[in-house]
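Novice:
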Amino acid sequence: GASPGGELVAAYAALRAARKRVDEQLGKADAQERRARDAAEQRRAGEAELANLWTTTGDLFATRDQVKSRVQDISAAVGVVEGWIAGVGLECRQATASPAAEVEAAVATAAQG
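Position one of the sequence shown corresponds to residue 206 (this note's numbering), numbered consecutively onward.
(1) Is DSSP giving S274 helix, strand or coil here?
(2) Rounded to the nearest angstrom, what separates G294 and T268 at their Cα positions?
(3) Measure the alpha-carbon distance for G211 versus K225 and round it to whole angstroms.
(4) So for G284, helix, strand or coil by DSSP?
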């Protein structure tokens, strides 16, 4: 029959082949684990980016609201200034109108006298 040495060599060859298959499977498992880790890392990075985007969007809305509020303040101030200018203009017209009327009255009085 087969020699004990031959069986030993065959068993060793089978063992090496099995070891090679196990190593291949471990390599595949490692690669899958790496891919899963990379995907999880990318997902975490994406979530962080999304959170930053939400924060930025929130900041933009807050800034927009501040700007709108500031514009309303400025509009109100402009309204006050316009009112003041209109008031000053009215006072100026009254001031310039009244001496003219007084002069006309004085002229009329002098013409009669």
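Note that CB positions come from ideal geometry on N, CA and C, so glycine has one too.
Specialist: Reading off the structure:
(1) helix
(2) 38 Å
(3) 21 Å
(4) helix
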